[in-house]
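Shown next, in structure tokens, is the structure this report addresses.
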Amino acid sequence: MRRRTQAERDAITVETGYALASGFLVGGLTFLGVAGPMMVFPMPPAAERGLVVVGAVAGAAVFVLRVVTVLWRFPRMPPQPSQPGRTSPDS
56 MRRRTQAERD AITVETGYAL ASGFLVGGLT FLGVAGPMMV FPMPPAAERG
106 LVVVGAVAGA AVFVLRVVTV LWRFPRMPPQ PSQPGRTSPD S
């Protein structure tokens, strides 16, 4: 296993930050979409609590799904040739 270059480590850091930030955004919007109606319409307390719980579970699930899909799509670095200057085994 070869060591990663600084550019590769930076790319991984940026991609992880993007995955987390976009996950928080999409998860938060999902929570607001589910629990938001309780701020507009009068509801019984049990219904409000139910919307908050369902919104929190849905938001957390969407957050995890977003982070996993963004990081899954991140390109993996191809293995380097074993001998410097050679690009494939038959060259």
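So the sequence shown is numbered by our numbering: it starts at 56 and just counts up by one.
Ideal Cβ placement from N, Cα and C applies to all residues, glycine included.
Secondary structure at F86: helix, using DSSP grouped into helix, strand and coil.
In the structure shown, the three-state DSSP call for P99 is coil.
In this structure, the straight-line span from the alpha carbon of A116 to that of F96 is close to 26 Å. By the criterion of a C-beta distance shorter than 6 Å, E103 is surrounded in its chain by M93, once the five residues flanking it on both sides are discounted.
Put simply, the stretch 63-73 does not touch the stretch 84-93. Fewer than three CB pairs are less than 8 Å apart.
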